[in-house]
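Protein chains in written order, with the numbering used here: chain C, 1 to 322; chain E, 1001 to 1325; chain H, 2001 to 2597. Just so you know, even glycine gets a beta-carbon here, dropped at the ideal spot from N, CA and C. Predicted model, so just to flag it, every value in this text is computed and none were measured. This report concerns only the one structure given below.
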Amino acid sequence: MLKYILRRLLQMIPVILIISMLLFILVQAMPGDPIQAYLGVNSKVNPEVKERIKAKLGLDKPIHIQYIMWLKRMLTGDFGESIEYKRPVSEVISQFIWNTFLLNIVVFILAFGISIPVGIICAVKKYSRTDNFWTVFSLIGISMPSFFFGLLLIFGFAVNLKIFPISGMITAGSRYTGLAYALDVAKHMVLPTIVLTIGSLASLVRYVRNSMLEVIKQDYIRTARSKGLSEKVVIYRHAFRNALIPIVTLIGIWIPTLFTGAIITERVFVWPGIGRVLYHGVIMRDYNIVMTLNMFFAILMLMGNLLQDIGYALVDPRVKVE
Amino acid sequence: MSEFLLDVKNVKTHFFTDKGVVKAVDGVDFKIKKGETLGIVGESGSGKSVTSMSVMQLVEEPGKTIEGAIKFKGEDLLQKTTEEMQTIRGNEISMIFQEPMTSLNPVFKVGEQIMEVLMLHQDMSREEAKNKAIEMLKIVGIPRAERVVDDYPHQLSGGMRQRVMIAMALACEPSLLIADEPTTALDVTIQAQILQLMNELKKKLGTAIMLITHDLGVVAQMADHVIVMYCGKVVEDAPVEELFENPSHPYTKGLMKSIPSLDDDKRRLDSIEGMVPHPLRLPKGCYFEPRCPYAIEKCKTHKPELKEIASGHKVSCFVATEEVR
Amino acid sequence: MFKRSLVFLLVFCLIFTLALSGCSKETNSDSQGSGEKQVADQISEAGQQDAQNVKKQESDSTVPNPAKTRDSSNTFIVGDSGGFKGQFISAYNSSVTDAYVMRLCFSPLLRYNNKGEIENVVAKSYEVSEDHKTFTFHLRDDVKFSDGTPLTAKDVAFTYHTVADPSYDGRHIAVVQDIVGFDEYNKDKEGKIKFMEGIKVIDDYTISFTFKEALRINIENFIGQLYIMPEHFYGFEKGHTEELKAKQHEILGSGPYKLVKFEPGQFVEMEINENYFGDKKPQIPRVIIKQTEDSTQTEELVAGQIDMIAGEIDPDKLEIAKEAGFIDFYKYPRSGYGYLKFNCQEEPTNDKNVRKALVYGFNRKAFVDTFFKGLAKTQDVPINQVAWGYTKELQEKLTSYDYNPEKAAELLEQAGWKLGDDGYRYKDGKKLTIHIASIAEAEMWEMVAGLMAENYKQIGVELEISMMDFNSLLTKVYDEREGFNMYSMAVNFYTPDPAQDLYSNWHSKFDIQGGDNTARFRNDKNDELLVELRKEFDLDKAKKLYEEWALNINDEMPILILYANLYTDLVNNRVKGYNPTAIYNWSHDIVNMYIEE
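Quick look at the structure:
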């Protein structure tokens, strides 16, 4: 197994390099000038002074030179400076990415924690009232746009019922520490978590349900029953253990998404996450931010793939890893 | 205590589908003696598998056993609760299935699956169960049982897997083993081995076997007594030699004729004309009538019943019973 | 059976969600409609008034005010949806939200007050040399930074040198680019030149700046442009602005407030600076600026979670605030406008008569009234309404380009564009097609585009619109400078004397790649006037020059001004003492504001 992982990691390197090249070309190919965008309209800066600034940032050099300069820097861990924030990209990102991660990991735990038992129940009690309820719920969840849903929750629970705060991650001007701080964050996290969880829950429940249904049809379930095992053991041990296989692989795909921000949800709730940073970076052509974040996500996806394959091997004895 | 281990009387298992009621098992009677092998013969769709599932009470929705009595060791299984049935399954009545490739759980080790049944019914510890599992594997003729016990099903061949199934089924020494087409999916040579194994174990453990098959050759080799099923009903019921010497029901006769034999110089195999009727559009009279070369007027309008024509030999046919008389 | 329960469930969900969201809105649509109209009417009237005259609508102080029950009654919370970048020091400040923080915590040499007058802040007086090129500032001797260190001339010199640094890549470089010695200093990467020739520290409290040219508007570089940073805290080695950048969100200033906490993406908390030198001391113990979101900030205001929203333009939100009953309204015209600039070097808009026809031919008033519901008006000269050069006399003399399709058609005919059979105009075989480049911004632009296409069709003009994102648009108009006849944007001015803005926007020398003259306007009379306008020190003569310039450009019409908004500051009525104008906001006025319980 270790050899396999090592080999896969080595294989990733040329892939990452190619991705970086493609990304670099795509980002540079976007029409637009980050300096002009940063200076804005009516800056009154002399055009020749603008050129001097562009030269300072190396933006006047040919693209392949810029790429090599960028690559050299990346390899030494220097992700460059954000044109907009005028801070090292790593600093800008670290300010916000953990907030996104916090939100996402809670959503992840809730989504899987709820969808697995619910999916199993829906499969076992196919077409019952519970199953039908979750079918409708899935449809609504998948079709409801997060912006609309977010605002709905805000108007319902924060504005009208006044149970939760309207926006933000912590109460403005508060000096909470320790437990009080954690509770304040938790209070602010409830509504955005609901939006994101329900969005994911819808498809997850369906997925688990379908996986279970597939398994329950199998011959070995009939064998298990014929052995006199209780229905609970048949479902939760024999069936679920097999239904787990596709679910585990799903977790592998979810890992990279823990770091990507749901831009719309974060914006509606003014959750200080990474989504806005990337979105804004693209609009303003903040090359270093866009490149760094995208490379990060690309690597996460590759890792996610690897985790998925390892997951498969761990959970399904029929899968051999060479 | 009756002399019969299993006494099935007038069992009806119907499937209540959106399109109508499928009478898969429609008034079936048979008996099995202790240590005896009963062969149940019929084409697919005859209701033989559903019959065995009815005995085990494992009929799936939308099927339901609506009538009859299944007396096992004197007690009616149809009156038992789920928990009571669960103590019987795998313990006093076991089952093996047609597809060894898919009948074992792919994510558990083979030994685990045998141990499971031992720990559940015989209250053994893990260690005891493992030892017994290895023993069972040896009994069913699996070489290097100590290694195989930790293998996963996908690492074994079809024949090996069926042996494991048998080991698993017999681990608790059940009185009755239901074998639903156990060799159909196997190679001919393996088939012979498995059948031989079953016979040996039957003698050794005194297990009765309810052997379901469409293959008359298997019946000849294994069964003591045979019932022939067609469209959910028993059409002939006889000891094995009697059946082969005097097949009386036109359907049975047709089956016998279609077995190729080295003695014949026929070029073409005989087959029974026509097709099995659709379960939702069964004939009003005798179900076999549309295909029967011997059919008379009465067959079109009346359903025949099982009548004894010789000692232990019953037939459900107007023509067959009249002839004998 | 299943289908029926499915339908019930869906209907139930729909009703539930609608009920929950509409819970508190008891007003029926009628009263809401008339209420809105009332507000709009009042505001329309207000819009007619003089720009300097801010209309204040006070609310009932006896109405229950949720902010009063907030447990931080000594705190003033401002909600802003712009966004913090954490660039609080003057050199790198590039967002409105950060600028609020900057103004609270630092001080400039001079600034404009709410009467449009130049007010002394750190400088207690200044003189202009005879040749009008040198400005000598005499600093107050009692200014201290929040750590007690006195502010002296070297700090002023340091601040102005930061934006001239060879490694400086921020946007405030325009403030120093006209000072003698700037180019040498800015190009010197090795650090041999320690100071700009034109900046002289005479003694601890005296500093002079010498400019390359003798211009009246040179003084603008000292009015609320750079806020003084202490050298002992922010000092860095020449050529290494990264050391300065590392301290962008740290604050050591001489303003009325100092920084307590900065939570990126969330809020900034400030408290009173005891060492503040100003004659009027701050009265609100804590000020918090909170990041908000447009779609929910009005609700936060009405729930008492924030005390102020600045610059609201949406009439629906004003209605919500009005209904709450405890929000004061402060209305003033924006110091800026939204526009469509013509490309004066591209056919057919290179013909001034075509341009005029296009302005006459579009019903701007109808658009403004419909979209802004009275909270905006139109104007016909590209200047801000608070400019002292935009006098009443001038306004009377200007040609008003009110919607007049007949006149538009006439102008086009005269210019040689004749009506063809298909209803469009042709000249020398070419069809009269106007290309507009704009940002793909939903609501407003759809309405403009729709109205325009309709209006222009009437006069025989074909309209083609390309939508693109902000950045691509900038590249098109700043770098490419061709391929469009009009483009849409908006602009803001921060001074009542915008001669420099006008110069860089309309002088032909800036019609080059990267230059601000994106209308590509080349007019000799205009150039002359703009040059004179910058120089003239006599204010009365300068007013005359403004007038001449305005009349000329009003005739040349290089720009179609689409809307000049009326802004409304919404303030919780427990906050008093506030007196804003278009270029003087709460962050300027903070020391006069107080909370009344």
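Assuming H/Tyr2112 contacts H/Tyr2584 under a Cβ cut-off of 8 Å, what Cβ separation, rounded to an integer in Å, is found between them?
-> Rounded, the Cβ-Cβ distance is 6 Å, consistent with contact.
So, is the C-beta of C/Gln377 closer than 8 Å to a C-beta in chain E?
-> Since the first and last residues shown for chain C are 1 and 322, residue 377 of chain C lies out of range.
Is any beta-carbon of chain E found at less than 8 Å from that of C/Leu229?
-> At least one chain E Cβ lies under 8 Å of C/Leu229.
Using a C-beta cutoff of 8 Å, does C/Met284 count as contacting chain H?
-> Yes - at least one Cβ of chain H is within 8 Å of the one on C/Met284.
Starting from the beta carbon of E/Val1110, find every residue of chain C whose beta carbon is closer than 7 Å, and list them in chain order.
-> Residues of chain C with a Cβ closer than 7 Å to the Cβ of E/Val1110 do not exist, since the nearest Cβ in that chain sits about 11 Å away.
May I ask you to verify whether the stretch 1025 to 1045 of chain E touches the stretch 1220 to 1234 of chain E, counting CB pairs closer than 8 Å and requiring at least 3?
-> Yes, they touch.
When the cut-off is 8 Å and only beta carbons count, does C/Ala323 lie next to chain E?
-> What is shown of chain C runs 1 to 322, which leaves residue 323 of chain C out entirely.
When you compare each of C/Lys3, C/Arg225 and C/Gly141 to E/Met1085 by their alpha carbons, which one comes out closest?
-> Nearest to E/Met1085 by C-alpha distance, out of C/Lys3, C/Arg225 and C/Gly141, is C/Arg225.
Find out if the Cβ-Cβ distance for the pair H/Leu2529, H/Leu2539 is shorter than 8 Å.
-> Contact: no.
Determine the contact status of H/Gly2255 and H/Ser2095, defining contact as a CB-CB distance below 8 Å.
-> With respect to the 8 Å criterion, H/Gly2255 and H/Ser2095 are not classified as neighbours on the basis of their beta carbons.
Best match in H/Gly2235, H/Glu2263, H/Ala2449 and H/Asp2141 for proximity to H/Phe2158 [C-alpha to C-alpha] = Cα-wise, what sits closest to H/Phe2158 is H/Gly2235.
Does the pairing of the stretch 2571 to 2591 of chain H with the stretch 2350 to 2367 of chain H give three or more beta-carbon distances under 8 Å?
-> With a cut-off of 8 Å, the stretch 2350 to 2367 of chain H and the stretch 2571 to 2591 of chain H do not count as touching, because too few Cβ pairs lie within range.
Quick one: which residues of the stretch 2295 to 2327 of chain H get their C-beta closer than 7 Å to a C-beta of chain C? List them in chain order.
-> So the list reads Ser2295, Thr2296, Glu2299, Glu2300, Ala2303 and Gln2305, given in the order they occur along the chain.
Cβ-Cβ separation, H/Ala2123 to H/Leu2602 (assumed contact under 8 Å), whole Å = Any answer about residue 2602 of chain H is impossible in this case: the structure gives chain H only from 2001 up to 2597.
Ends of the alpha helix (DSSP H) at C/Val190?
-> Unbroken alpha helix (DSSP H) run through C/Val190: Gly178 to Ile216.
Does the beta carbon of C/Lys56 come closer than 8 Å to any beta carbon on chain H?
-> Judged by the 8 Å Cβ criterion, C/Lys56 is in contact with chain H.
Got a sec: is the Cβ-Cβ distance from C/Arg7 to anything in chain E below 8 Å?
-> Not one chain E Cβ lies under 8 Å of C/Arg7.
Confirm the yes/no value for this check: CB of E/Leu1078, any heavy atom of the ligand NAD, distance under 7 Å.
-> You won't find the ligand NAD in this model; it holds no ligand whatsoever.
Please classify H/Tyr2584: does DSSP put it in a helix, a strand, or coil?
-> Here H/Tyr2584 sits in strand by DSSP.
Secondary structure at C/Pro14, three-state DSSP: helix, strand or coil?
-> Note: C/Pro14 maps to helix in three-state DSSP.
Contacting residues, own chain, Cβ-Cβ under 7 Å from H/Asp2501 (five flanking each side not counted) | Phe2493.
What does C/Asp33 touch in chain H if you count any residue whose Cβ is under 8 Å from its own?
-> Within chain H, the residues near C/Asp33 are Asn2471, Leu2474, Thr2475, Tyr2478 and Asp2479.
Roughly how far, in whole angstroms, is the beta-carbon of H/Ile2289 from the beta-carbon of H/Val2268, given that I think they are within contact range, below 8 Å?
-> Right, the Cβ-Cβ distance comes to about 5 Å (below 8 Å), so this counts as a contact.
Same chain, Cβ closer than 6 Å to H/Tyr2339, five either side skipped, listed in chain order | Within its own chain, the residues whose Cβ lies closer than 6 Å to the Cβ of H/Tyr2339, once the five positions on either side in sequence are excluded, are Ile2559, Ile2561 and Leu2562, listed in chain order.
At 4 residues or longer, and completely inside the stretch 2505 to 2579 of chain H: list those alpha helix (DSSP H) runs for me, N to C.
-> Listed in chain order, they are 2524 to 2535 and 2539 to 2556.
H/Lys2322 - DSSP class collapsed to helix/strand/coil | Under the three-state reduction of DSSP output, H/Lys2322 falls in the helix class.
C-beta atoms of E/Gly1068 and E/Tyr1230 nearer than 8 Å | In this structure, E/Gly1068 lies away from E/Tyr1230, with their beta-carbon atoms at least 8 Å apart.
Mapping DSSP to helix, strand and coil, what is H/Ile2252?
-> In the sequence as displayed, the identity of residue 2252 of chain H is Leu instead of Ile. Assigned with DSSP and collapsed to three states, H/Leu2252 falls in coil, not helix or strand.
Please list the residues of the stretch 1141 to 1172 of chain E that have a C-beta atom closer than 8 Å to any C-beta atom in chain C, keeping them in chain order.
-> Going along the stretch 1141 to 1172 of chain E in chain order, one finds Tyr1152, His1154, Met1165 and Met1168 with a Cβ nearer than 8 Å to chain C.
Is there at least one Cβ from chain C nearer than 8 Å to H/Phe2534's Cβ?
-> Phe is not the amino acid found at residue 2534 of chain H; the sequence shown has Arg there. No - not a single Cβ of chain C is within 8 Å of the one on H/Arg2534.
Check distances from the C-beta atoms of the stretch 247 to 278 of chain C to those of chain H and list, in chain order, the residues that come in under 7 Å.
-> Cβ contacts with chain H come from Arg267, Val268, Val270 and Pro272.
Tell me, please, which residues DSSP counts as bridged to H/Asp2314.
-> None, per the DSSP bridge assignment.
Can C/Thr100 and C/Leu196 be called in contact, C-beta distance under 8 Å?
-> C/Leu196 sits away from C/Thr100, with the two beta carbons spaced by 8 Å or more.
Taking C-alpha atoms, which residue in E/Thr1183, E/Ala1167 and E/Glu1083 lies nearest to E/Leu1118?
-> Considering only alpha carbons, the answer is E/Ala1167.
Can you find a C-beta in chain C that's less than 8 Å from the C-beta of E/Arg1089?
-> For E/Arg1089, the answer is yes, since a Cβ of chain C falls inside 8 Å of its Cβ.
Under 7 Å between beta-carbons, which chain C residues line up against H/Gly2265? List them in chain order, please.
-> H/Gly2265 reaches chain C at Phe96 and Pro272, counting residues in chain order whose Cβ is nearer than 7 Å.
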